[in-house]
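Participant:
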Amino acid sequence: MTTKPLERVCYVEDDEDIQRIVRMSLERVGKMKVEIVGDPMVAIDAIVGFKPDLVLLDWMMPGMDGPTLFKRMQEHPQTKDLPVVFMTAKATPTEMEELRSLGALGAISKPFSPKDLPDQLKALWSTLP
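Mind the numbering: the sequence shown is residues 1 to 129 in my numbering, read in order.
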């Protein structure tokens, strides 16, 4: 279990309304630094530049879905070891198990509570070795 606090989160999400809600939740409630990336095609460069503690990925995005981006992150030397949490409306037990088998730290279901989101991420973060 990690003792390092979760301070920096990069969120890859194409929906601007959800981007705003997540930013407000993580910055105001969670007191974290947040980088939002709206285009999954440029996400890896943005992640490398921001140096987050954790990456939050939307599952369904145009151009490249979250699982595909996650696989590309695992192939990149500067992002392969970053913990990843998915945000998805597809959070069935089968999909959740698939994400964990790919190496994801976990998933948070949409719709989510902006008040609870920081604590949900911190709880997942605390399970890291």
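Virtual Cβ for every residue (Gly too), placed ideally from N, Cα, C.
Could you tell me the alpha carbon to alpha carbon distance between residue 46 and residue 94, rounded to whole angstroms?
Facilitator: One C-alpha to the other measures close to 30 Å.
Participant: Express the C-alpha separation of residue 108 and residue 124 in angstroms, rounding to a whole number.
Facilitator: About 10 Å.
Participant: Please tell me whether residue 121 and residue 9 are closer than 8 Å, where the distance is taken between their beta carbons.
Facilitator: Contact: yes.
Participant: So residue 103 and residue 86 are supposed to be a Cβ contact under 8 Å. How far apart are they, rounded?
Facilitator: Actually they are not in contact, since the Cβ atoms of residue 103 and residue 86 sit about 11 Å apart, beyond 8 Å.
Participant: Taking a contact to mean a Cβ-Cβ separation below 8 Å, would you say residue 114 touches residue 21 in this structure?
Facilitator: In contact: residue 114 and residue 21 (Cβ atoms closer than 8 Å).
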